[in-house]
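Colleague: Sequence order for the protein chains is A and B.
Note that the first sequence covers residues 8 to 338 in my numbering.
Note that the second sequence covers residues 2 to 673 in my numbering.
Built from N, CA and C at the ideal position, the CB exists for glycine as well.
Remember, it's a predicted structure, so these values are computed and weren't measured experimentally.
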Amino acid sequence: MDQIQLLEKIVEEAIQGSTSTAELRAIELKYLGKSGELTGLMRGIGQLPPDEKPKFGAAVNEAKNRLQELLDGRVLELKSGEQAIQFEADKLDVTKPARVPRAGREHVLQQTFNKIKRVMGSMGFVYFDGPELEHFRYNFDALNYPPDHPAMDAQDTFYITDDLLLRTQGTAIQGRVFEEVKPPFRFFTVGRTFRNEAVDRTHSHTFHQIDVFMVDEGISMAHLKGTLGAFAREMFGEDVKVRFRPDFFPFVEPGVDYAISTSKLFNGRWVELGGAGLIHPNILERYGIDTERYSGFAFGLGVERIPMMAYGIDDLRHFLENDTRFLEQFA
Amino acid sequence: MKLTESMLRDFVTTELTIEEVCDLWTMTGFELEGITEVEGEKVLDINIMANRGDGASVLGLSREILAKDPSSQGTELYGHLADGWVASDEAEKSLETLTSVEIQIPDCTRYACRVFEGLSNGVSPGWVQERLRKVGQRPISLLVDLTNYVMLETGQPLHAFDLDKLDGQRIVVRSAKVGEKIKTLDGTTHDLKPDQMMICDATKAVAVAGVMGGEDSEVSAETTRCLLESAHFDHQSVRRTRKQLGLQTDASYRFERYVDPEGIVRALNRFAELLEDACGCTPVPGVIDVYPIKPVRKSINVRTERCSKMLGMVVTPEEVERYLTSLGSKLARNDSNFEVTPPTWRIDLEREDDYIEEVGRVHGYERIPEALPIGSTPVGGSHGLEAVIDRIREELLRCGLSQTISHSLRDSHTLDAGTARVSVRNPHSPEMALLRNSNLPCLADAALKNGGKDVHFFEIGHVFSTDIETVQLGILSTGSLDSVFWQTGVQTSADFYSLKGVLEKVMQAARVEMLVEKSIKPDTRLHPTRQAVIPGIGVFGQIHPDIAEQSDVPPETVLAEISLTALGKLATEDVQYHQVHRHPAARRDIAILVSKETPYATIEETVAKACGNQLERQWLFDVYEGKGIEPGFHSLAIALQFRKSGNFNDEEANQVRDLAVAALEELGAKLR
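1) Tell me whether residue 597 of chain B sits in a helix, a strand or coil according to DSSP, three-state version.
2) For residue 401 of chain B, collect the residues of the same chain with a Cβ closer than 8 Å to its Cβ; drop the 5 residues on either side in sequence, then sort them by chain order.
3) Verify whether the separation of the beta carbon atoms of residue 303 of chain A and residue 281 of chain A is less than 8 Å.
4) Can you confirm whether residue 199 of chain A, when its beta carbon is compared against all beta carbons of chain B, has any partner nearer than 8 Å?
5) Counting along the chain, where does the alpha helix (DSSP H) carrying residue 498 of chain B start and finish?
6) In whole angstroms, give me the CA-to-CA distance for residue 214 of chain A and residue 461 of chain B.
7) Evaluate residue 287 of chain A with the Cβ neighbour count: other Cβ atoms within 10 Å of its Cβ, from every protein chain shown; 16 or more gives buried, anything less gives exposed.
8) Does the beta-carbon distance from residue 113 of chain B to residue 232 of chain B come in below 8 Å?
9) Which residues, in order along the segment 364-375 of chain B, keep a beta-carbon less than 9 Å from a beta-carbon of chain A?
10) If you check the beta carbons only, do residue 212 of chain B and residue 239 of chain B fall under 8 Å apart?
11) For residue 392 of chain B, I'd like the list of residues in its chain whose CB is within less than 8 Å of its CB, leaving aside the five on either flank, ordered along the chain.
12) Could you check if residue 584 of chain B is buried or exposed, using at least 16 other CB atoms within 10 Å of its CB as the buried criterion?
13) Going along the chain, which residues of the segment 396-427 of chain B sit with their C-beta nearer than 9 Å to a C-beta in chain A?
14) Do residue 642 of chain B and residue 618 of chain B come within 8 Å of each other at the CB atom, strictly closer than that value?
15) Please classify residue 146 of chain A as buried or exposed, where buried requires at least 16 other C-beta atoms within 10 Å of its C-beta.
16) Should residue 161 of chain A go down as buried or exposed, given a rule of 16 or more other Cβ atoms within 10 Å for buried?
17) Helix, strand or coil, according to DSSP, for residue 21 of chain A in the structure here?
18) Going by the DSSP bridge assignment, what does residue 620 of chain B pair with across the sheet?
19) So residue 550 of chain B is in the alpha helix (DSSP H); what residue range does that whole segment cover?
20) Can you look up residue 77 of chain A in the DSSP assignment and give me helix, strand or coil?
21) Tell me which residues of the segment 229-252 of chain A have at least one Cβ-Cβ distance to chain B shorter than 9 Å, keeping chain order.
22) When DSSP labels each residue in this structure, what does residue 161 of chain A get in the three-state scheme?
23) Please confirm whether residue 447 of chain B has its beta-carbon closer than 8 Å to some beta-carbon of chain A.
24) In chain order, which alpha helix (DSSP H) runs of at least 4 residues are fully inside the segment 142-190 of chain B?
25) For residue 139 of chain A versus residue 631 of chain B, is the C-beta spacing smaller than 8 Å?
26) Applying a beta-carbon distance threshold of less than 7 Å, which residues of chain A neighbour residue 482 of chain B?
27) Along chain A, which residues have their Cβ under 9 Å away from the Cβ of residue 310 of chain B?
28) Distance, Cα to Cα, residue 296 of chain B vs residue 232 of chain A?
29) Please determine, among A:56, A:58, A:257 and A:123, the residue with the shortest C-alpha to C-alpha distance to residue 240 of chain A.
30) Return the residues of the segment 9-34 of chain A that lie within a Cβ-Cβ distance of less than 9 Å from chain B, sorted by chain order.
31) Give me the Cβ distance between residue 473 of chain B and residue 114 of chain A, rounded to the nearest whole Å; I'm assuming they're in contact under 8 Å.
32) Roughly how many angstroms separate the alpha carbons of residue 537 of chain B and residue 567 of chain B, rounded to a whole number?
33) Is it buried or exposed, residue 256 of chain A, if we count other Cβ atoms within 10 angstroms and call 16 or more buried?
34) Kindly indicate if chain B contains any beta-carbon less than 8 Å away from that of residue 320 of chain A.
35) Under a Cβ-count criterion, where at least 16 other Cβ atoms within 10 Å of its own Cβ denotes burial, should residue 341 of chain A be classed as buried or exposed?
36) Can you tell me the Cα-Cα spacing of residue 203 of chain B and residue 171 of chain B, whole angstroms?
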């Protein structure tokens, strides 16, 4: 029993005199652990007379528990101080620059294409990608352009041969679709178009267009206005209103240009977006569609207009020049 | 089309302000381009739609106001010019002793003229000059100014000839003769072709019909006798000729857009009236009016019900009748339908739907409600190749590549593909004369634009070679693959293998197995021994040092050119599920010494074949050559990971490893 008391005293003093948690862990190992000295006393229990054995065992355990408690208490006392020092040493300048993952940046036009595709796709319109190098007949003849009509003057066209040209409008896909598909159908395209124009802040010889069209029974100007409205509200905001104004395009009758207005973007001004109308009955008839049964609408607009209006971009040339200082603004 | 406010007020009495009139025009399709204040008066610039030649006149624009606004009234002048104004002097005999008109070709459907004698061609009245100046025209002389002014009012181009300068004092409308020439008023001499319509005298061409007069027959200060032409020419013929001669005039602008053939004599009479007011000169009595081809206007059945159905708003038969009548059509009602004959100035009204547009325009498009289409709705969005391209684009972005979108029209470039370029016949400039046949030149430009180093770009776009248009992916990757960071560490740079990794992800996105082979016929744009092909799909590798030098991009740059059109044809949606074993894997590493000429793919195949389906994965984790290694050889450390249903014990794992080693030794490799 003296042995226990002696050891207990030594350990108690050691705990009380310790100055670090590391020292305490060493004490714990030396005296209280599995092969510690205090635990070691239990091995001598065999030599004791049977009636003393329980008493001795209880005394060792009691001492062990008491010392463990004392040690744990001391660890707690020391730990907060030690951690405070460590944390101070670990200190980072959180304002230093980040290690940024190298992520790919999508082009702002692509972001616009994606949004258009999502919106039109969700309204049941199927994407169709037509060639940029197009036949004269799809770009003009199939769209009801009479030969030598002044409307063809407005869009001076890049010609490859008499028959091949760089399409001047996304609408050029319509003939290709009409040749292949019978109504009812809904299609749209987003693609590159070309006009022989000088390049400046608001003009380019190369730009992108959306063209949307559908044919079904009973399609009217109201459906055109409704679809345009839904599209424009997705693109420009919930309070967008659509206005129609008569205009002439050979491939629609009635033909309109449409403008939108939203309090957020243009101070309530009407901003013209593009051309629209009911698909000209001459075109439907050309492809054998019964105009008494079916009618359809079509609308188109320039893709670049959308980010230009939404972000206030003032120069069309930026879009195809790939300056990352421009593109990263929309990443 | 420009006009002054006072010119409009000559035709229409209205309570509308001029701004309200402009809004009305805009909403009926004649868009206001702008209002400017000139010499204290508002001048309106109105855009005329290509199929509405009738709008290029004060008369036509007035008609639109009267159709839409019930509070407006036409003036007496409007009444004269709108409705068959015939001058009362009908004694044609004396006129026929002075001149004659002969039409020899069908492109001239009507030719009328009046003759004025005893003239003094001084200056025009101040008010005429002022109005002409306000709309941007230069006053020239009494006769010329009045022809221009009457054209603004009525839309009918007039031309004044000096009668004494016409050989034989007569007019012949015919095609130009081979070798014939004319010097037009602008001083240019034109060589004429037989499909061009000319106004001629007894011997020669004196005006390009519908376009511009000739210098020889021009009225001048000395002119005392004038023949005033008012005619109708085929719009396509006028357009063809003026394009061929490179001329564009206010007259040809109107003829191209169609001029009312019934307004011809009214315009002559308006001129006579203004001339008399100006100088007291009255015309020789009578009008010569040769009118061989009268336009035939067929009537069309217009159904009120179809108007409502197509417009998506209800209109009544009474409204249809009122709107169409006010625009000049003649209607015969039959129940709620109408037999409609269009006015002579509107050739754009050909079908029922054209009238439906008229009804809608006057009724007001602002009254059309919004509705979404019902009926058959397909599964929208991208399908097929386009859906594959969408997946590939997203994968490239995830791989850390940034997207560029560039011009298709470019000059030639050292990175062009070997295929023939397609050239534009009428380029805007020589630098934009060719269509790209590869995206790589675009990418090189984009790289240089952004400093030329540490850039990783891709572009997906259409490329062109003689009559083949395909969608291609181009990749340019150069410099550090890590973003800039202040803590120094190992920076990895783009190389052949980093690009190969990107392409593996691309192929994976398309769910197509990636085969890589050594180029048999090397791409000359790429380093000859650092390039590979994905058969039928594309090529990739390090840039050729010479091309790098010529194009200013760093020599370490790697490039890829992939045909998405080809890849799209192979792409699938197939995913095959493999059972996931729950037992732990065993790993064994081997190091072999092997000739550098043995392709790694051969080693990989050999290992796979030898180990069979217990080999879950193998990967190369170290390559060493140099000190201690025989020249021409290298040491490869390969990790083998085995797994099966059930635990692998050490012995089993060693057995499978030994199979691999034995097979590799047969290949000439030595275990280290």
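Modeller: The structure says:
1) Correct three-state label for residue 597 of chain B: coil.
2) Result list for residue 401 of chain B: 457 and 482, in chain order.
3) Going by C-beta atoms, residue 303 of chain A is not nearer than 8 Å to residue 281 of chain A.
4) For residue 199 of chain A, the nearest beta carbon of chain B is closer than 8 Å to its own beta carbon.
5) First-last of the alpha helix (DSSP H) with residue 498 of chain B: 497-511.
6) For residue 214 of chain A and residue 461 of chain B, the distance between alpha carbons rounds to 16 Å.
7) Residue 287 of chain A is buried by the Cβ-count criterion.
8) At a Cβ-Cβ threshold of 8 Å, residue 113 of chain B and residue 232 of chain B count as neighbours.
9) Listed by position along the chain: 366, 367, 369, 370, 371, 372, 373, 374 and 375.
10) Inclusion of residue 212 of chain B and residue 239 of chain B in the CB contact set at 8 Å is warranted, their separation being smaller than that value.
11) Once the five neighbours on either side are set aside, the close Cβ partners of residue 392 of chain B are 510 and 511.
12) Under this definition residue 584 of chain B is an exposed residue.
13) The segment 396-427 of chain B vs chain A, Cβ under 9 Å: 397, 398, 399, 400, 401, 402, 403, 404, 405, 406, 407, 408, 409, 410, 423, 424, 425, 426 and 427.
14) In this structure, residue 642 of chain B lies closer than 8 Å to residue 618 of chain B by Cβ.
15) Classification for residue 146 of chain A: buried.
16) For residue 161 of chain A, the pLDDT reaches just 43, beneath the cut-off of 50, and the residue's location in the model is therefore unreliable, although a value from the coordinates is still provided. With fewer than 16 other Cβ atoms within 10 Å, it is exposed.
17) Looking at residue 21 of chain A - three-state DSSP - the assignment turns out to be helix.
18) Beta-bridge analysis with DSSP links residue 620 of chain B to B:640.
19) Counting along the chain, the alpha helix (DSSP H) containing residue 550 of chain B begins and ends at 546-552.
20) Of the three classes helix, strand and coil, the one that applies to residue 77 of chain A here is helix, per DSSP.
21) Under the 9 Å Cβ criterion, the segment 229-252 of chain A contributes 229, 230, 231, 232, 233, 234, 235, 236, 237, 249, 250, 251 and 252.
22) Any reading at residue 161 of chain A is ruled out, since the residue's pLDDT is 43, under 50, leaving its predicted position unreliable.
23) For residue 447 of chain B, the answer is yes, since a Cβ of chain A falls inside 8 Å of its Cβ.
24) Along the segment 142-190 of chain B, the alpha helix (DSSP H) occurs as fully enclosed runs of 4 or more residues at 143-155, listed in sequence order.
25) No, they are not a contact pair.
26) The answer, in chain order, is 109.
27) Residues of chain A passing the Cβ test: 225, 227 and 302.
28) Distance between residue 296 of chain B and residue 232 of chain A, taken at the CA atoms: about 37 Å.
29) Measuring from the Cα of residue 240 of chain A, the nearest candidate turns out to be A:123.
30) Correct list: empty, as no residue qualifies.
31) With a Cβ gap of about 16 Å, residue 473 of chain B and residue 114 of chain A do not count as contacting.
32) Approximately 7 Å between the Cα atoms of the pair.
33) Residue 256 of chain A is buried by the Cβ-count criterion.
34) Proximity of residue 320 of chain A to chain B, defined by a Cβ-Cβ separation below 8 Å, is not satisfied.
35) No information on residue 341 of chain A is available, as it lies outside the stretch 8 to 338 that chain A covers here.
36) Pairing residue 203 of chain B with residue 171 of chain B, the inter-Cα distance amounts to about 6 Å.
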